[in-house]
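Asker: Quick one: the structure is below, and I'll ask about it shortly.
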Amino acid sequence: MTSTLKNYTLLTLDKGVTLGNASWDTYIDNVDGNFNFCVPLSMLLGFCEDYKRVVINARHELILIRSRNDNNSLLGDPALEPKIELFKIQWRMPHVLLNAVNKLSMLRALKSGRYLSMTFRSWDLYEFPLLQSTTKHSWTVKAATQLEKPRYVIFALQTGRKNVMSQDVTIFDDCKLTNVKLYLNSKCYPYDDLNLDFERNKYAILYDMYSRFRRAYYGCDCAEAYLTTTNFLLRGSFVVIDCSRQNESIKSATVDVRLEFDCKENIPANTTAYCLIMHDRVVEYSPLTNVVHRIV
1 MTSTLKNYTL LTLDKGVTLG NASWDTYIDN VDGNFNFCVP LSMLLGFCED YKRVVINARH
61 ELILIRSRND NNSLLGDPAL EPKIELFKIQ WRMPHVLLNA VNKLSMLRAL KSGRYLSMTF
121 RSWDLYEFPL LQSTTKHSWT VKAATQLEKP RYVIFALQTG RKNVMSQDVT IFDDCKLTNV
181 KLYLNSKCYP YDDLNLDFER NKYAILYDMY SRFRRAYYGC DCAEAYLTTT NFLLRGSFVV
241 IDCSRQNESI KSATVDVRLE FDCKENIPAN TTAYCLIMHD RVVEYSPLTN VVHRIV
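Under UniProt numbering, think of the first position of the sequence shown as 1, with each following residue one higher.
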């Protein structure tokens, strides 16, 4: 779910085509059922996307946790009882060989015993499994530290799709949403109400927030978006909130993250709310001792 929301908002059309090799946004329907794909870890981990330097003398460990069933990875008739069998997984990692000058510099860094800093953006997904059937909702998502307070938030609703093989889990529902507010302590984002009405095609502000996000996140001039306005309505209808511009002079021990959202009608049964928070993270490690410290 994390990679689905992130890629909907940050991919371009050209990048989406090349990631067909990673089995992104494609359906495998060949007769024998065999499949093969190559997934860049930048699609799954913020560290692999943002950190561009070499890692010296550190042990790498990749932990993959598989779901209890394959329902969210399959689309079809559950009566056929299909399942996914994995026969081989490879982790391909580049290795850097240094010339004499750079090797000497690295050896000096190792000998000094100092900690090296690694900064990147982390993606944390929070889920509200079963929303109450009301029109107004308040969701206390988490309490964050000052360093790891949210910079961007993606909010989405989904009805009757999780763990249901006959439904497409990559599609989100609007649930007749009318307004969403993100609160970081007492500060709210966005400042104005959204005044959405999907039945009357009033969702232009939502798409505008979505189309601006990639440019703000990567700091680039390209305004290209992965989803068109039509596909955004059919596949997305999620809310992208840019809260990166904050008053950094105001310091508090913790930042309470809360979402308030309103709907035109009561939320349907079996509706799940998702909140994807993107925040800064700083990790320090010692190449000499392999000790890693997380800065909070």
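Glycine residues also receive a C-beta, built at the ideal position from the N, C-alpha and C atoms.
Taking 7 angstroms as the limit between beta carbons, can you name the residues of its chain near Thr134, skipping five residues before and five after?
Answerer: Indexing the sequence shown from 1 puts residue 134 at position 134. If we look at Thr134 and ignore the five residues flanking it on each side, its Cβ neighbours are Asn266 and Ile267.
Asker: Just the Cα atoms here: how many angstroms apart are Leu259 and Asn30?
Answerer: Stepping through the sequence shown from its first residue, residue 259 is reached at position 259. Stepping through the sequence shown from its first residue, residue 30 is reached at position 30. Each residue's Cα considered, the two are about 43 angstroms apart.
Asker: Can you tell me which of Trp123, Ser122 and Met106 puts its alpha carbon nearest to the alpha carbon of Tyr115?
Answerer: Residue mapping note: residue 115 aligns to position 115 of the sequence shown, counting from 1. Minimum Cα distance to Tyr115 is reached at Met106.
Asker: At which residues does the alpha helix (DSSP H) containing Arg108 begin and terminate?
Answerer: On the sequence shown, position 108 is the one that residue 108 refers to. Ala100 to Ser112 is the span of the alpha helix (DSSP H), which, as asked, contains Arg108.
Asker: What is the DSSP secondary structure of Met118, reduced to helix, strand or coil?
Answerer: Position 118 of the sequence shown, counted from the start, is the residue given in the question as residue 118. Reduced to three states, the DSSP call for Met118 is strand.
Asker: Between Met93 and Met43, what straight-line distance do the alpha-carbon atoms span, to the nearest angstrom?
Answerer: Within the sequence shown, residue 93 is the residue found at index 93, counting from 1. Within the sequence shown, residue 43 is the residue found at index 43, counting from 1. If you take the alpha carbons of Met93 and Met43, they lie about 15 angstroms apart.
Asker: Using the three-state DSSP reduction, which class does Ile171 fall into: helix, strand or coil?
Answerer: Within the sequence shown, the letter at position 171 stands for residue 171. DSSP places Ile171 in coil when its eight states are reduced to three.
Asker: Spell out the partners DSSP gives residue 361 in its beta bridges.
Answerer: Summary: the structure shown does not reach residue 361, with the chain confined to residues 1 through 296, and so no result is reported for it.
Asker: My understanding is that Asn36 touches Trp24, with C-beta atoms under 8 angstroms, so please give their C-beta distance in whole angstroms.
Answerer: As a working mapping, residue 36 is identified with position 36 in the sequence shown. As a working mapping, residue 24 is identified with position 24 in the sequence shown. Rounded, the Cβ-Cβ distance is 14 angstroms, inconsistent with contact.
Asker: Any idea if Glu148 is buried or exposed, counting beta-carbon neighbours within 10 angstroms, 16 or more meaning buried?
Answerer: As a working note, residue 148 is residue 148 in the sequence shown. With 16 or more other Cβ atoms within 10 Å, it is buried.
Asker: Report the three-state DSSP secondary structure of Val96 (helix, strand or coil).
Answerer: Reading the sequence shown from its first residue, position 96 is the one you call residue 96. In the structure shown, Val96 sits in coil (DSSP, three-state: anything other than H, G, I, E or B).
Asker: Which residues in the same chain have their Cβ closer than 6 angstroms to the Cβ of residue 298, if we skip the five residues on either side of it in sequence?
Answerer: Given that the chain is displayed from residue 1 to residue 296, the structure contains no residue 298 and the question cannot be resolved.
Asker: Alpha carbon to alpha carbon, how far is Leu227 from Asp262?
Answerer: Numbered from its first residue, the sequence shown carries residue 227 at position 227. Numbered from its first residue, the sequence shown carries residue 262 at position 262. Cα-Cα distance, rounded: 25 angstroms.
Asker: Span of the beta strand (DSSP E) holding Met1?
Answerer: Reading the sequence shown from its first residue, position 1 is the one you call residue 1. Per DSSP, Met1 belongs to no beta strand (DSSP E) and is neither H nor E.
Asker: Would you list, in sequence order, the uninterrupted alpha helix (DSSP H) runs of no fewer than 4 residues that lie entirely inside the segment 238-282?
Answerer: Correct list: empty.
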